[in-house]
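*Asks:*
Residue numbers (our numbering): -5 to 155.
(1) Taking the C-alpha atoms as reference points, what is the distance between residue 34 and residue 114?
(2) From the DSSP output, which residues share a beta bridge with residue 94?
(3) Tell me the rounded alpha-carbon separation between residue 126 and residue 105.
(4) When the Cα of residue 43 is compared with those of 136, 143, 144, which residue comes out closest?
(5) Compare the C-alpha of residue 117 against each of 83, 51, 139, 46 and name the closest.
(6) Does DSSP put residue 32 in a helix, in a strand, or in coil?
(7) Spatial neighbours of residue 25 within its chain, please: CB distance less than 8 Å, with the 5 preceding and 5 following residues excluded, ordered by chain position.
(8) Taking the alpha-carbon of residue 120 as reference, which of -4, 86, 52 has the nearest alpha-carbon?
(9) Determine the burial state of residue 61: buried for a count of at least 16 other Cβ atoms within 10 Å of its Cβ, exposed for fewer.
(10) From the DSSP output, in three-state form, read off residue 66 for me.
(11) Go to residue 82, then tell me how far its beta strand (DSSP E) extends in each direction, as first and last residue.
(12) Beta-carbon separation of residue 59 and residue 91 under 8 Å?
(13) Residue 74 and residue 56 look like a contact to me (Cβ under 8 Å); what is the Cβ gap, rounded to whole Å?
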C-alpha cells in the first residue's frame, strides 16, 4: 500500500470513529432528555388535559428553556421548577415559536396565563405574584382548551390542597 493510500485509509478510519462517537453522544443526550419527560394534568372547568413535559430544574435548563426550537407538538411542553415560590420573569429571547406561559402557585393553582407570547421578544413577562413553576405550551393552547387562572395543575412539583 502506498503512503497516500495508507493516509486515506487512516483518515477514513478516524472519521468513522468520530462519526460513531458523535452518534453515541447524540443518543446519550436524547436519552437524558427522554428521562426528564413527565406527565402533568390540568384540571379545569372544561375538562382534564394531560401534557407530556420536559422538566427544567437547573439554572442552565431554565435559562435555555425552549430556545431555538422550531416546533412544539400539541400536548407537550416544558415545566420550569422555581421552588420555593418566588416572583419570576420570563422572556422569549431566541425562542422561535409563540408560547402560552402558565404561571403556577405552589399549591398547583394557576395564577395567570401569558397567552401567545411574541417570538424572539426580549420584553419581560412577569409572573404577577409568587409561583413555584411555569408551564410553557404551544401558543393558543390555553384558549383552545379553556384553561384559565384558578384551574389546578397536578404534578409532583406542586403540593395539593
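We put the CB at the ideal spot given by N, CA and C, even for glycine.
*Replies:* Concretely, from the data shown:
(1) Within the chain shown, numbered from 1, the residue matching residue 34 stands at position 40. Within the chain shown, numbered from 1, the residue matching residue 114 stands at position 120. Distance between the alpha carbons of residue 34 and residue 114: 27 Å.
(2) Counted from its first residue, the chain shown places residue 94 at position 100. 131, per the DSSP bridge assignment.
(3) Counting from one through the chain shown, the residue named residue 126 turns up at place 132. Counting from one through the chain shown, the residue named residue 105 turns up at place 111. Straight through space, the alpha carbons of residue 105 and residue 126 are spaced by roughly 10 Å.
(4) Walking along the chain shown from the start, residue 43 turns up at place 49. Nearest option by C-alpha distance: 136.
(5) As a first step, residue 117 must be located in the chain shown, where it is residue number 123. It is 83.
(6) Position 38 of the chain shown, counted from the start, is the residue given in the question as residue 32. Three-state DSSP puts residue 32 in a strand.
(7) Counting from one through the chain shown, the residue named residue 25 turns up at place 31. Confidence in residue 25 is poor, its pLDDT being 38 and thus under 50, which makes the residue's placement too unreliable to answer from.
(8) As a working mapping, residue 120 is identified with position 126 in the chain shown. Residue 120 has its Cα closest to that of 86, out of -4, 86, 52.
(9) Translated into the one-based positions of the chain shown, residue 61 becomes position 67. Residue 61 comes out exposed.
(10) Numbered from 1 along the chain shown, position 72 holds the residue referred to as residue 66. Note: residue 66 maps to coil in three-state DSSP.
(11) One-based indexing of the chain shown puts residue 82 at position 88. Looking at the DSSP string, residue 82 is not in any beta strand (DSSP E), and its letter there is neither H nor E.
(12) By one-based count along the chain shown, residue 59 stands at place 65. By one-based count along the chain shown, residue 91 stands at place 97. Contact flag unset, no.
(13) Counting from 1 along the chain shown, the entry for residue 74 is found at position 80. Counting from 1 along the chain shown, the entry for residue 56 is found at position 62. Residue 74 to residue 56, Cβ: 5 Å. Contact.
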